[in-house]
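Scroll down for the structure; my scribbles are underneath it.
There are 6 protein chains.
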Amino acid sequence: MFFHRQELQHKATPDKPDAVYARKLQEVLGGQYGEITVAMQYGFQSWNAHIPGKYRDLLFGIGAEEFGHVEMLATMIAQLLEKAPIGITEDAVQNDPTVAAVIGGTDLQHAIVAGAGARPVDSMGNPWSAGYITASGNLLADFTANANAEMQGRLQVARLYHMTDDSGVRDLLSFLLARDTMHQNQWMAAAAELREEGYEDFPVPSNFPIRKEERDVSYDYINFSNGEHASEGRWASGPTPDGKGEFSYRDASTETPVPMPPPTRPDSRLYGTTDLPNRVEKIAGAVQDALHKE
Amino acid sequence: MFFHRQELQHKATPDKPDAVYARKLQEVLGGQYGEITVAMQYGFQSWNAHIPGKYRDLLFGIGAEEFGHVEMLATMIAQLLEKAPIGITEDAVQNDPTVAAVIGGTDLQHAIVAGAGARPVDSMGNPWSAGYITASGNLLADFTANANAEMQGRLQVARLYHMTDDSGVRDLLSFLLARDTMHQNQWMAAAAELREEGYEDFPVPSNFPIRKEERDVSYDYINFSNGEHASEGRWASGPTPDGKGEFSYRDASTETPVPMPPPTRPDSRLYGTTDLPNRVEKIAGAVQDALHKE
Amino acid sequence: MFFHRQELQHKATPDKPDAVYARKLQEVLGGQYGEITVAMQYGFQSWNAHIPGKYRDLLFGIGAEEFGHVEMLATMIAQLLEKAPIGITEDAVQNDPTVAAVIGGTDLQHAIVAGAGARPVDSMGNPWSAGYITASGNLLADFTANANAEMQGRLQVARLYHMTDDSGVRDLLSFLLARDTMHQNQWMAAAAELREEGYEDFPVPSNFPIRKEERDVSYDYINFSNGEHASEGRWASGPTPDGKGEFSYRDASTETPVPMPPPTRPDSRLYGTTDLPNRVEKIAGAVQDALHKE
Amino acid sequence: MFFHRQELQHKATPDKPDAVYARKLQEVLGGQYGEITVAMQYGFQSWNAHIPGKYRDLLFGIGAEEFGHVEMLATMIAQLLEKAPIGITEDAVQNDPTVAAVIGGTDLQHAIVAGAGARPVDSMGNPWSAGYITASGNLLADFTANANAEMQGRLQVARLYHMTDDSGVRDLLSFLLARDTMHQNQWMAAAAELREEGYEDFPVPSNFPIRKEERDVSYDYINFSNGEHASEGRWASGPTPDGKGEFSYRDASTETPVPMPPPTRPDSRLYGTTDLPNRVEKIAGAVQDALHKE
Amino acid sequence: MFFHRQELQHKATPDKPDAVYARKLQEVLGGQYGEITVAMQYGFQSWNAHIPGKYRDLLFGIGAEEFGHVEMLATMIAQLLEKAPIGITEDAVQNDPTVAAVIGGTDLQHAIVAGAGARPVDSMGNPWSAGYITASGNLLADFTANANAEMQGRLQVARLYHMTDDSGVRDLLSFLLARDTMHQNQWMAAAAELREEGYEDFPVPSNFPIRKEERDVSYDYINFSNGEHASEGRWASGPTPDGKGEFSYRDASTETPVPMPPPTRPDSRLYGTTDLPNRVEKIAGAVQDALHKE
Amino acid sequence: MFFHRQELQHKATPDKPDAVYARKLQEVLGGQYGEITVAMQYGFQSWNAHIPGKYRDLLFGIGAEEFGHVEMLATMIAQLLEKAPIGITEDAVQNDPTVAAVIGGTDLQHAIVAGAGARPVDSMGNPWSAGYITASGNLLADFTANANAEMQGRLQVARLYHMTDDSGVRDLLSFLLARDTMHQNQWMAAAAELREEGYEDFPVPSNFPIRKEERDVSYDYINFSNGEHASEGRWASGPTPDGKGEFSYRDASTETPVPMPPPTRPDSRLYGTTDLPNRVEKIAGAVQDALHKE
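Chains as they are written, first to last, in numbering that gives the first Met the number 0: chain C, 0 to 293; chain D, 0 to 293; chain P, 0 to 293; chain U, 0 to 293; chain A, 0 to 293; chain B, 0 to 293.
Listed below in structure tokens is the structure:
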């Protein structure tokens with residue numbers, strides 16, 4: 000259950016409106032790695048969790064915070080849009096390129112659809128899609144997904160920080176940066192704890208019967224490109240991070256590939272292009288046509 | 000540049016056709032974490048890379064292998080569909096529920112659209128979307144995304160392994176499991192190397208001027224749920240994984256929130272619902288209407 | 000700000016698992032009119048609201064409840080999936096069509112992607128899209144959208160009620176039906192209050208200067224089909240619901256249409272198909288080619 | 000059956016081209032509430048209707064008009080694009096920011112993809128999706144959806160009216176505004192008639208056996224936010240619009256919630272993270288691995 | 000302008016309901032190459048046409064017919080769904096696998112969302128997207144797109160023909176097959192006429208100044224795969240279909256490729272991973288942090 | 000299997016960065032007819048092919064080249080973005096409209112999401128979708144789809160050619176134009192060869208038993224619009240391109256349509272709006288409610 004309070008975790012008011020920047024800020028609200036994504040991702044991970052206790056508590060605790068971040072960003076964007084210009088045309092451009100340039104950079108649906116309100120979209124106007132989120136039931140995989148989401152998110156906020164000098168906006172961004180720092184750290188810590196406590200290990204999923212994997216190629220870097228430095232990293236020799244093998248390196252050209260299987264010949268009533276039989280059948284069909292004429 | 004050879008890295012032939020399983024296998028071909036995703040993801044990361052040498056070589060080398068995995072799965076699926084049943088109706092069900100049940104579990108577009116061929120979709124028929132991939136230009140973030148993709152991918156292959164007992168299919172899956180093991184290890188190794196060599200560190204992006212982040216809340220777990228075990232993990236106390244702080248824990252109810260900013264009042268020509276002024280304007284408009292009547 | 004409590008508003012536990020029904024229930028979780036839609040819709044409407052006070056309070060109050068409904072349904076679905084069958088193939092069908100039929104009716108990503116967890120998708124597997132929600136800033140329009148959403152939602156829950164006889168599931172559905180009854184009533188009441196208090200009226204937006212609308216056709220039913228009963232409803236004669244006109248009816252064949260404007264002739268460098276000038280230019284280009292030969 | 004006449008219901012010619020405005024106008028052609036949406040929505044509602052006569056005639060009659068509106072807008076947009084500029088680069092910007100500003104505001108696919116033609120997209124370039132339409136078979140719900148669609152549509156046209164001063168464009172918009180006024184009125188009148196004639200009533204669907212709904216909470220406003228004015232509207236006390244109850248109000252904090260059900264424990268072959276049993280199995284697996292070594 | 004008549008071009012009534020087949024038929028209503036696609040495609044091509052007269056008349060004439068086909072299929076699907084089963088669960092499966100198998104094969108939204116009505120989706124439930132259509136303004140390209148659409152459409156209808164033995168359904172399909180035969184022929188004839196009349200020619204667009212194309216490689220088959228028969232077709236030697244060259248063949252391994260350009264080094268405030276400078280900057284930043292401590 | 004070489008087929012370096020043009024170029028990388036589309040389309044067609052030999056070799060050979068084109072465009076775009084401006088706000092616009100105008104024309108995700116890297120999207124920011132590709136198993140249909148794709152692609156490249164005067168960019172485009180010329184020719188040649196060798200013919204699919212098609216209307220142009228020139232093309236009289244009939248022409252108004260089937264009456268538990276029976280049931284339900292009161 001969620002309870003809402005009409006307050007914000009942090010101040011979210013710009014010094015002044017800026018419709019151009021409002022559009023940019025949409026990325027971290029409704030983009031692939033925006034706040035809607037992490038809120039929903041942690042939500043589904045908690046609802047699908049298979050163990051009670053601290054890991055699920057963690058998911059619930061951060062997830063609910065993120066819903067509040069969605070709200071802070073939406074509130075900020077609405078204020079940035081408060082003086083959003085309307086009414087510009089090519090003619091206006093002739094008279095005032097400055098105004099026109101502003102328009103060129105805005106999200107047109109901010110004005111036409113939302114009446115100067117925030118939208119559940121990214122900076123290019125794509126609606127948020129649940130196809131962005133990850134909740135597999137395997138916590139080590141999912142905590143890695145979460146760490147990545149917080150990294151990508153913090154990276155985008157950092158970039159956005161340099162795209163404005165509005166101190167109100169920067170104040171909010173500096174807060175979000177800090178929270179992303181925290182959450183990156185938390186998911187990494189949680190992943191480490193999962194491994195230490197024996198719940199899961201690398202390679203994920205670690206309790207798949209390893210004898211059913213083709214172990215011959217489990218630690219071989221088979222290089223399919225001609226990069227001459229490819230073998231110089233620690234991913235090409237030495238012990239593997241999962242602690243179960245030694246990396247080796249070879250060029251793909253030394254592989255022993257297998258021939259492609261022959262093409263398939265499905266049911267002729269699917270009318271794919273096949274060779275002889277198909278043509279015979281066609282002739283047969285024509286004959287039948289000539290005979291039956293029904 | 001890509002060169003194609005009409006051979007496969009590993010045998011990809013089922014013992015016998017199985018249209019129901021063909022649909023399931025689509026998930027790891029065209030799903031969120033299927034082979035198209037990783038092939039395209041590593042491709043865009045390599046094309047957008049900012050440093051020459053081993054990291055980019057690594058991306059190119061694995062990326063090209065993954066395009067070959069796309070091909071192996073597509074080839075396998077086409078063979079699983081070779082005897083795909085067509086022509087089933089409710090009537091047929093009355094006579095043979097077995098056949099009908101098979102149909103119920105197939106991807107109908109396998110027959111109707113592709114004529115018993117593989118499709119660039121997931122197991123529920125959603126077309127693959129480039130919205131799945133990640134290529135940010137920041138390699139530590141992206142290698143974490145890659146590690147996650149390989150974990151989710153291996154997890155799905157492991158689940159699919161138990162959904163068939165066809166030895167040909169299992170043979171291919173055991174190969175893919177091994178390659179996912181390798182790639183998980185490689186991305187973790189590469190992420191570690193990036194940090195060791197000083198290219199990047201946690202929190203990502205590590206060279207954002209840290210004084211611009213609101214450091215007061217960079218290591219606080221502010222719990223917005225009432226899970227009583229939330230503070231028991233290593234994400235709530237002790238040193239943080241980025242090596243720069245100490246976790247602390249507190250309940251969100253102890254926060255000092257700020258009031259919401261007042262609602263915005265955008266241009267009245269956007270016809271949002273506002274209070275008094277709006278109504279005055281409406282009356283004025285009505286008067287004007289009465290006067291002008293043009 | 001949202002605070003989470005690890006409790007549910009109502010019991011959400013099935014009598015027994017039922018993976019087939021779990022898929023059906025996804026519709027009211029992640030479909031066009033599912034709980035994610037209303038939660039997000041009321042959220043964005045409240046964040047974009049232009050007046051403080053009771054209307055915004057109403058949006059916040061119901062919106063937060065809906066996030067809790069998302070959680071109840073996700074929890075229910077996870078339990079329905081607890082015994083989700085895995086491992087079925089065409090062969091299995093030969094031996095046990097019953098099991099196969101079950102598989103045919105499940106959401107395959109429930110098993111392969113979510114490991115027997117709920118998904119943010121509808122009953123056909125389409126991921127939830129923010130393109131479903133409405134938040135225009137005009138409250139009379141939006142409350143009508145909300146009333147519609149609650150009607151469509153209650154209709155779907157009613158249909159789902161008859162698709163199971165699990166008393167645990169029905170218990171939850173009977174609760175959701177009641178809440179939808181309430182919310183339908185609330186949005187209708189709120190729309191009425193907006194009109195009474197003079198904030199807005201029909202036609203929306205009511206403060207657009209009416210003299211700028213082509214009033215000649217504001218109340219004419221111009222029928223473009225040949226339905227002989229079309230004029231028998233109260234939409235074809237008598238006073239209009241907005242209280243500002245009288246309906247009239249006429250057949251579209253009596254219209255005085257205007258001719259289509261002539262086709263456009265854009266810049267020839269866009270290589271659209273145009274008539275003569277284009278061909279002349281082509282000849283000129285060929286001549287130039289012959290001459291320059293660079 | 001549809002018959003086409005090469006005429007328009009109303010003049011649709013701008014005074015002069017304006018590629019920037021052409022993009023804006025796409026919203027009411029191919030957006031969530033554009034003309035394609037209403038044309039297709041009324042079409043599917045009529046084809047799925049369960050009663051012959053005036054209601055279906057109404058759907059057919061308006062639906063066919065909307066297809067003509069799609070055509071008027073597409074024609075208008077093509078003319079607005081007739082002089083669409085091509086060929087602009089950053090260099091051009093240095094010389095003529097005016098021209099550049101124009102480009103910034105255009106839909107780039109208008110030139111690159113359509114060669115100065117209209118596109119089936121919204122103002123941000125999202126392709127029209129059938130996920131926008133509603134056709135449930137329940138006419139009271141659907142007529143409410145239609146009323147909402149006409150409100151949102153008229154609101155957007157009104158906003159667009161102020162974004163141009165081209166008298167040709169405004170002439171068309173004033174016509175569309177009038178038709179939206181009419182259609183808003185018609186769907187409200189039709190909804191009222193449905194109720195009067197006893198076909199359907201609130202809450203939709205009205206013939207769901209009401210004893211199966213949990214009537215205890217059918218008229219309670221349970222407020223999950225802390226808005227102090229929430230109870231001041233007519234949605235919190237007094238008779239309900241469906242005529243079947245009395246609104247009551249209470250704060251959600253007074254609810255008696257139920258505990259969350261325990262986490263699920265699905266089949267271990269899905270490799271979700273579970274507690275002890277999982278770890279035991281892992282050890283067993285390792286032992287087996289050591290023994291079999293096949 | 001479109002006028003609707005409540006009649007159908009051809010009978011569209013099944014012998015009996017068949018909810019399983021209804022889902023399959025959705026493919027040619029709302030799929031990539033379904034009737035909605037061709038209706039909208041021809042519509043946009045006509046509205047964007049740059050020459051008046053017979054070509055545009057052709058587009059209008061066929062386009063309007065296709066809207067009628069949308070209607071026929073929607074009507075047919077609604078009838079196929081008339082007895083759609085509801086209420087099935089895993090328990091029911093135990094008692095009657097036949098019924099369960101039927102359910103497994105249906106579009107669940109037919110019942111839950113549309114109340115036994117047609118939907119604007121394909122056979123796997125993906126909503127129709129305007130991203131399917133093509134309207135470039137170049138008629139030779141577009142007529143080729145149209146010919147392809149009619150081929151893919153007729154192919155799908157032919158496949159569907161064999162998936163039912165309902166004589167009513169087959170009667171409609173035999174009609175649609177004939178119309179697709181006609182339309183395939185018409186678009187090919189129209190493409191030929193465009194070329195004969197000198198409007199356009201191959202390669203499209205034919206009036207692009209050919210000296211600006213790198214003619215050295217305009218007719219070379221550079222084979223990037225190792226298929227040994229690749230050069231045996233008429234695409235590898237002899238005159239080219241555009242009448243302007245001679246095909247030649249060579250293996251890609253004989254190409255003289257160019258080196259990749261060096262990696263880019265964008266603005267450091269985008270926090271991409273770069274080499275030395277980046278690390279220097281990081282140190283500088285740390286120093287600055289230490290000094291300023293603000 | 001794919002092997003990668005770190006070289007390009009052709010030089011892909013601009014004279015200087017141009018972030019505005021980078022966005023435009025995305026269309027032919029990630030748009031409906033961009034290089035990702037053709038690469039994936041030819042890939043799936045080859046994997047689904049039913050005959051070994053030259054046709055499949057052709058698909059493999061061109062497909063692999065197209066993956067290399069994806070790489071060339073991505074590399075070019077990254078370089079065009081190398082100096083992408085960041086940091087612009089409305090204030091900046093006041094001072095320098097030139098810079099602002101540039102921003103207005105950029106893909107914002109290039110900076111925020113990709114850190115000045117290429118993206119798998121079109122020029123309006125829509126992510127590439129596998130819904131764009133075609134692979135039916137019928138080679139004559141698919142080669143026609145391929146010819147269309149190359150036409151649309153070359154048309155877009157030709158348009159883009161005029162939108163820049165950067166000689167490096169134009170050099171690459173002139174190369175791509177030549178390759179599109181080649182591929183257009185190849186697919187037309189391949190389609191012709193398929194027909195000559197008797198694999199397939201018009202109408203596609205040619206081996207569908209023609210007696211099952213309603214031959215009465217296979218060659219009739221039934222005109223549903225009132226274009227007076229519609230019958231003047233070779234699509235309205237004379238022999239048909241498939242060599243099997245004679246075109247005839249007639250106006251749709253002379254058709255003998257059939258009446259619409261009566262509306263459907265599905266299961267009342269779907270709560271659609273029906274006439275009398277429904278109301279009777281409602282009364283019955285109310286009575287039952289009154290009696291049972293459970």
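For glycine and all other residues, C-beta sits at the position ideal for the given N, C-alpha and C.
Legend entry - Stretch-stretch touch, CB-based, cutoff 8 Å, three pairs: the segment 135-147 of chain P with the segment 140-156 of chain U: yes
Inset, instruction - Pick helix, strand or coil for residue 199 of chain D, following the three-state DSSP scheme. - result: coil
Legend entry - Residue closest to residue 41 of chain D, alpha-carbon to alpha-carbon, out of D:229, D:195, D:263, D:182: D:182
Inset, instruction - Classify residue 3 of chain P as helix, strand or coil using the three-state DSSP reduction. - result: strand
Inset, instruction - Please list the partners that residue 132 of chain C has in chain U, where partner means a Cβ-to-Cβ separation under 7 Å. - result: Correct list: empty, because the minimum Cβ distance to chain U is about 17 Å.
Inset, instruction - Enumerate in chain order the residues of its own chain whose CB-to-CB distance from residue 276 of chain A is below 6 Å, with the five nearest sequence positions on each side excluded. - result: Summary for residue 276 of chain A: the model assigns pLDDT 43, below 50, so the residue's position carries little reliability; its value from the coordinates is reported in the next sentence. Within the same chain, residue 276 of chain A has no close Cβ partners at all.
Legend entry - residue 217 of chain D (DSSP reduced to helix, strand or coil): coil
Inset, instruction - Please state whether DSSP places residue 70 of chain U in a helix, a strand or coil. - result: Reduced to three states, the DSSP call for residue 70 of chain U is helix.
Legend entry - Spatial distance of residue 113 of chain A from residue 83 of chain A (CA atoms): 11 Å
Legend entry - residue 179 of chain A (DSSP reduced to helix, strand or coil): helix
Inset, instruction - Please name the residue in U:25, U:235, U:244 whose C-alpha comes closest to that of residue 215 of chain U. - result: U:244
Inset, instruction - Specify whether the segment 185-205 of chain B and the segment 260-272 of chain P touch according to this definition: at least 3 beta carbon pairs, one from each stretch, less than 8 Å apart. - result: Not touching, per the Cβ criterion.
Legend entry - Classification of residue 261 of chain P by the beta-carbon crowding that lies within 10 angstroms, buried from 16 upward: exposed
Legend entry - Which of helix, strand or coil DSSP assigns to residue 237 of chain D: Assigned with DSSP and collapsed to three states, residue 237 of chain D falls in strand.
Legend entry - chain B contact for residue 161 of chain P (CB, 8 Å cutoff): yes
Inset, instruction - Evaluate residue 164 of chain A with the Cβ neighbour count: other Cβ atoms within 10 Å of its Cβ, from every protein chain shown; 16 or more gives buried, anything less gives exposed. - result: Exposed: under 16 other Cβ atoms inside 10 Å.
Inset, instruction - Could you tell me whether any Cβ in chain C is nearer than 8 Å to the Cβ of residue 2 of chain B? - result: At a cut-off of 8 Å between C-beta atoms, residue 2 of chain B counts as an interface residue with respect to chain C.
Inset, instruction - Classify residue 226 of chain A as buried or exposed, calling it buried when 16 or more other Cβ atoms lie within 10 Å of its own Cβ. - result: buried
Legend entry - 8 Å Cβ cutoff, residue 7 of chain B in contact with chain D: yes
Inset, instruction - May I ask which residues mark the beginning and end of the alpha helix (DSSP H) holding residue 141 of chain D? - result: 138-160
Legend entry - Buried or exposed (CB count within 10 angstroms, at least 16 for buried), residue 272 of chain P: buried
Legend entry - Any chain C beta carbon closer than 8 Å to residue 297 of chain P: The requested residue 297 of chain P is not part of the displayed model; chain P covers only 0 to 293.
Inset, instruction - Taking only the alpha-carbon atoms, compute the straight-line gap between residue 173 of chain C and residue 143 of chain P and give it to the nearest angstrom. - result: 39 Å
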